[in-house]
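Q:
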Amino acid sequence: MAGHRTRTQEGFLEIIGEDFEISRGSPLPLGATLKRGGINFAVFSKHATSVALVLFVPGKDDPVAEFPLDPRYNRTGHTWHAFVQGLDPGIEYGYRADRQSNHEQHIHRFDLSEVLVDPYAKALSGGEVWGQITNCEGEPSSAACVKRRRCLVVDDDFDWGFDQPLNIPLSQTIIYELHVRGLTCHQSSGVAHPGTYAGLVEKIPYLKEMGITAVEMLPVNEFEETDTDRINPLTGERLLNFWGYHSISFFAPKASYASNNKNGAQVKEFKAMVKAMHEAGIEVILDMVFNHTAEGDERGHTLSYRGLDNSTYYIISHDSGSYYNYSGCGNTLNCNHPVVRDMILDCLRYWVTEMHVDGFRFDLASILGRGQDGSVLANPPLLERIAADPVLGNTKLIAEAWDAAGLYQVGTFPAWGRWAEWNGKYRDDVRKFVKSDPGMVSALASRMMGSPDIYQGSGRAPYHSINFVTCHDGFTLADLVSYNDKHNEANGEEGRDGANDNLSWNCGREGPTSVRDSIPDAAYSLKEVKSLRRRQAKNFAAILLLSRGIPMILAGDEMGRTQLGNNNAYCQDNETSWVDWNLTQKNADLLRFFKLLIKFRKSHPALRYGSFTQQEGESGFPITWHGVKPGRPDWSWESRNLAVQISEKTPNTASGMTDIYIAANAYWEALRIELPKLTGSRKWLRVVDTMLESPEDIAEEGKGPCLDDQNVYEISPRSVVVLIGK
Amino acid sequence: MEIEDKKDGNVLIVKILNKRLDAQGATDFKEKMSGYISSGSHSIVLNMSEVDFVDSSGLGAMVSVLKLLGDGGNLVICGARGSVMRMFKLTRMNKVFSMFEGQREAVAALSK
Chain A
639 MAGHRTRTQE GFLEIIGEDF EISRGSPLPL GATLKRGGIN FAVFSKHATS VALVLFVPGK
699 DDPVAEFPLD PRYNRTGHTW HAFVQGLDPG IEYGYRADRQ SNHEQHIHRF DLSEVLVDPY
759 AKALSGGEVW GQITNCEGEP SSAACVKRRR CLVVDDDFDW GFDQPLNIPL SQTIIYELHV
819 RGLTCHQSSG VAHPGTYAGL VEKIPYLKEM GITAVEMLPV NEFEETDTDR INPLTGERLL
879 NFWGYHSISF FAPKASYASN NKNGAQVKEF KAMVKAMHEA GIEVILDMVF NHTAEGDERG
939 HTLSYRGLDN STYYIISHDS GSYYNYSGCG NTLNCNHPVV RDMILDCLRY WVTEMHVDGF
999 RFDLASILGR GQDGSVLANP PLLERIAADP VLGNTKLIAE AWDAAGLYQV GTFPAWGRWA
1059 EWNGKYRDDV RKFVKSDPGM VSALASRMMG SPDIYQGSGR APYHSINFVT CHDGFTLADL
1119 VSYNDKHNEA NGEEGRDGAN DNLSWNCGRE GPTSVRDSIP DAAYSLKEVK SLRRRQAKNF
1179 AAILLLSRGI PMILAGDEMG RTQLGNNNAY CQDNETSWVD WNLTQKNADL LRFFKLLIKF
1239 RKSHPALRYG SFTQQEGESG FPITWHGVKP GRPDWSWESR NLAVQISEKT PNTASGMTDI
1299 YIAANAYWEA LRIELPKLTG SRKWLRVVDT MLESPEDIAE EGKGPCLDDQ NVYEISPRSV
1359 VVLIGK
Chain B
2 MEIEDKKDGN VLIVKILNKR LDAQGATDFK EKMSGYISSG SHSIVLNMSE VDFVDSSGLG
62 AMVSVLKLLG DGGNLVICGA RGSVMRMFKL TRMNKVFSMF EGQREAVAAL SK
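Protein chains in written order, with this note's numbering: chain A, 639 to 1364; chain B, 2 to 113.
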């Protein structure tokens, strides 16, 4: 009788078939690819002299097998590969790489003690439980912790039906920037699967009712939220890297954002989320952080790229080996190295073709335009390639057109007429105008027209300007009108982190307006402060949603979400960052205001006009600027008000013409503005007056009152008025 | 692939006569071993004392033979030395296969 087999034997033998065989394999495609009868493994390393494929049985820490790849037989050029027949999806793998006679350990940072993540891994195990803090031995830890990750071979099979990216024209887009976990983690969300892709699906009816056309998600690719050891000094609680701008893998969706993440099921749950969004007519845009990785600097952890081919993946000093740090996060991905370029392209194509994603926002995108020595390239090959890539031809490309080393390219980002940008100038100028800074009227005019001063010169259109007044990075809208200064003590850096220059105004009182804080001789009563804040928030909303260019709303702003003055809540995985859905009731007026503004925007093509070439007086959408007197805008330094009239041809109305009149008054006193005369028998009807209480503040179109006085409107201090002439 | 076989009771002893068990010989080795199995040998000792190089393909072929034997059979190794033994340890195949220094012990283990 045969001798008994051991448990280890069974572990390995269970995952292989009788036809098990290791053969040469193919260098392309990179990654682990399911093929008939087995899996092809391929990984890049130019400087390794040995690479081993390491296999794991799910749930077991130690490898069950390590197969050294033969440098003559299993290598083509700089790509190591093997075909393993008789292996099915469900196994876990990684690589071990080394360089013999490595006299430049500071350049080629191979580390035989680490099993490396495949840069092309489509799913990772090891991070299934959000916030789980363990040390390397799996024990609870108080130190920063990077959990061991293994690559999973997943089956791509998914029933997409007829789904495909929606291809909504950029000009028609309204973006809602959200955090997958933050949106539904709060108990008030009422979802069955809080903090997950599935939870997000449960909120689709809300998103649809708001009227937004795209969700832009903070990073959903694998990162390590426990890689910080900071403590909240106010509560003693452990802080986490909540935002996740610290990628471990660019291809793998974050497992802990999935309600079911067993054996790589996060991939399917992500796909199901995208499919459900598409069914609701909502596009999915991902925030991709290609500028650096979670491996940090010389003191960081070796997880993948560093151990496979450090000098290819990173911009380093070739003398000292130190990492260039244009990202402010320890290292800089060598984005314009041809190998890294290919990886980024392959990754984007994967998200588009396999995951049906509609667009990308590129974090610190200016780094993607730096050369291998860190210099700023005039025509960065990577950005050109992405812009011209045939697979990405309809994919939305949005750049955060700056980096952490002072490069600021808003308006000058190498765009090839394709790239849109987060318009930081829009945010700053609109903030300055609304808080009544002088000299902002002409800037406001440009911002509301899609920033021709910034984008026209490079052959782009208004829709290449992603307009925003708030985003995840900085104050929320409610805080923008409630705080003069950041209040970041809870981040554990003694208030050093976060932007100091917020262009915010607290409306007379710093922070919350509770009766306890009442100061008898303050300049404003609490009631006045509260009402002014609400008005300022609506002023921002109105300007944002009526400007040409693409509006982006930060999730929760529409319901007055506060972070209590924290303008850098990257580490706050708690009520500071989570959306409190009770606010939809408490601030129902603000939510209604946003919804009706979005509806108004959608029903007026003039607000979404996709070209700068339109001149005043031309047919189409003639634009006329006004001041207190019609046709006489006041562009002077002390001026704080501006009105714009946009005319639309509306063939289905009696007059064939509709006029939109938008007046913004940032002056602290009321102004009597003379209204332009309407042609024909048309009358001015009020749509918006932010001075009025809800529901008078905004009317459903056509339901607003006809003005008694068709000649003069008294616009209140610090308010926005929108009229419609039909 | 040169191999030599002999029976010791119920146990089949297979000795590899080549110096290398690598990608070139792996398929041939596997086919020959499959032949033994299909003709009724389910307890096999593989004597590797003549082999001084084995690679992943060679190991893969050995693993597939083990798998082919199923629950009712076994393949054990004897005589692995030097770089071959190091390879077994490196790849963790020393945990998948029962390893013996001498052929007699190996046969004894399978005859239990």
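We treat Cβ as the ideally placed atom computed from N, Cα and C, and that holds for glycine. Note that the structure is predicted; figures quoted are calculated from it, not measured.
In whole angstroms, give me the CA-to-CA distance for L1182/A and V791/A.
A: Spanning the two alpha carbons is a distance of roughly 44 Å.
Q: So, F1000/A versus L1006/A, is the Cβ gap smaller than 8 Å?
A: yes
Q: Excluding five sequence neighbours on each side, which residues of the same chain lie with their C-beta closer than 6 Å to the C-beta of A1308/A?
A: E1352, S1354 and P1355
Q: Assuming the contact rule is C-beta atoms closer than 8 Å, A1016/A and E1038/A should be a hit. Round their C-beta distance to whole Å, please.
A: The pair is not a contact, with the Cβ atoms about 20 Å apart (cut-off 8 Å).
Q: Can you give me, in chain order, the residues of the stretch 1033-1062 of chain A that have a beta carbon less than 8 Å from any beta carbon in chain E?
A: In the structure shown, chain E cannot be found, because the protein chains are A and B.
Q: For V55/B, return the contacting residues in chain A, with the cut-off set at a CB-CB distance below 9 Å.
A: Those within 9 Å of V55/B in chain A number zero; the least Cβ separation is about 10 Å.
Q: On the DSSP letters alone, give me the boundaries of the beta strand (DSSP E) that E742/A sits inside.
A: Neither: E742/A is in no beta strand (DSSP E) and is coded neither H nor E.
Q: Assign P1100/A to one of two classes, buried (16 or more other C-beta atoms within 10 Å of its C-beta) or exposed (fewer than that).
A: buried
Q: Distance, Cα to Cα, L668/A vs P757/A?
A: 9 Å
Q: Look at the alpha carbon of Q1348/A and the alpha carbon of L1313/A, and state the distance between them as a whole number of angstroms.
A: 7 Å
Q: Hey, S826/A and E860/A are a contact pair by Cβ (cut 8 Å); roughly how many whole angstroms apart?
A: Not really, about 28 Å apart at Cβ, beyond 8 Å.
Q: Between the stretch 695-728 of chain A and chain B, which residues of the former have a C-beta closer than 9 Å to a C-beta of the latter?
A: Here the close residues are D700, P701, V702, A703, E704, F705, P706, L707, D708, Y711, N712, A720, V722, Q723 and G724.
Q: Roughly how many angstroms separate the alpha carbons of N741/A and G938/A, rounded to a whole number?
A: Note on identity: in this sequence residue 741/A is His, with Asn being the wrong assignment. Those two C-alpha atoms are separated by around 21 Å.
Q: Rounded to whole angstroms, how far is the Cβ of P696/A from the Cβ of S751/A, which I believe are closer than 8 Å?
A: At roughly 22 Å, the Cβ-Cβ gap does not stay under 8 Å, so P696/A and S751/A are not in contact.
Q: Find the residues of chain B that neighbour D657/A, judging by a C-beta separation of less than 7 Å, and give them in chain order.
A: S65
Q: What residue range is occupied by the uninterrupted alpha helix (DSSP H) comprising K913/A?
A: A903 to E917
Q: Measuring only the C-alpha atoms, how far is I1191/A from L1170/A?
A: 21 Å
Q: Quick one: Cα of R645/A to Cα of R87/B, how far?
A: With a pLDDT of only 47 at R645/A, under the threshold of 50, the placement of this residue in the model should not be trusted; the figure read from the coordinates follows. Computed Cα separation, rounded: 22 Å.
Q: Any beta-carbon of chain A closer than 8 Å to the one on K16/B?
A: no
Q: My parser needs the beta strand (DSSP E) runs of 3 or more residues fully inside the stretch 27-65 of chain B; what are they?
A: 44-48
Q: Hey, how far is the Cα of D736/A from the Cα of D749/A?
A: 7 Å
Q: Once you ignore the five residues that flank E5/B on each side, which residues in its own chain have a CB closer than 7 Å to its CB?
A: Excluding sequence neighbours, E5/B sits near K16 and L18.
Q: Entirely within the stretch 675-747 of chain A and at least 3 residues each: give me those beta strand (DSSP E) ranges in chain order.
A: Within the stretch 675-747 of chain A, the complete beta strand (DSSP E) runs of at least 3 residues fall at 676-682, 688-694, 703-707, 717-725 and 730-736.
Q: Name the residue from G849/A, T717/A and I1261/A whose alpha carbon lies nearest to the alpha carbon of G663/A.
A: T717/A
Q: Report the rounded CA-to-CA distance for S99/B versus F705/A, giving the unit in angstroms.
A: 18 Å
Q: Taking the straight line between their C-alpha atoms, what separation do you get for Y733/A and A690/A?
A: When rounded, the distance between both Cα atoms is 6 Å.
Q: Whole angstroms is fine: what's the gap from Y895/A's alpha carbon to E766/A's?
A: 8 Å
Q: Would you identify the three-state DSSP class for E921/A, choosing helix, strand or coil?
A: strand
Q: Between which two residues does the alpha helix (DSSP H) harbouring W989/A extend?
A: P976 to T991
Q: Please state whether DSSP places R944/A in a helix, a strand or coil.
A: helix
Q: Using the C-alpha atoms, what's the distance from E656/A back to K8/B?
A: 25 Å
Q: Compute the Euclidean distance between the alpha carbons of Q1174/A and Y964/A, then round it to the nearest angstrom.
A: 36 Å
Q: Is the beta carbon of G1130/A closer than 8 Å to that of N1206/A?
A: no
Q: Identify, in the order they occur along the chain, each residue of the same chain with its Cβ nearer than 6 Å to the Cβ of D1091/A, setting aside the five sequence neighbours on each side.
A: S1084
Q: Measuring from the CB of H930/A, is there a heavy atom of the ligand FMN at a distance below 7 Å?
A: Ligands displayed in this structure: none; no statement on the ligand FMN is therefore possible.
Q: Between the Cα of F1231/A and the Cα atoms of M848/A, G724/A, L821/A and I653/A, which residue gives the shortest distance?
A: M848/A
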